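Residue numbers for the sequence shown, in this note's numbering: 236 to 298. Read the structure below first, then the notes.
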Amino acid sequence: MKQFDDFSAQTLYCPNCKQANPVRKHLLLVLPNGNIYDYRCAKCGKSLGTQIDTNSGPNPDFH
Ligand SMILES: [Zn+2]
């Protein structure tokens, strides 16, 4: 889906690089009510956080 490309294009602050970098989204766990994704720095690969995407709607609750 196209919208997931846009999702992975967002940036997060990376303490390792000491700057905001684009993040890559990796599927971490599959749950009955959604998937847990690991967001990693696109430059150094450090994990910057996880996000649960529920399957309940077209727009994941991501801020
Ligand atoms: Zn980094």
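Yeah, the Cβ is synthetic: ideal placement off N, Cα and C, and Gly gets one too. Everything numeric in this text was worked out from a predicted model, so none of it was measured.
Separation of residue j from residue i, as counted between CA atoms
i	j	result
R275	P250	12 Å
I287	R259	15 Å
S243	K253	Confidence in S243 is poor, its pLDDT being 47 and thus under 50, which makes the residue's placement unreliable; the coordinate value appears in the next sentence. Their Cα atoms are separated by approximately 19 Å.
N290	I271	11 Å
H261	G269	14 Å
S282	L263	11 Å
T285	P267	17 Å
Among the options, the one whose alpha carbon lies nearest that of residue i
i	options	result
Y248	C279, T289, N290 and I287	C279
N256	Q245, L266 and L263	Q245
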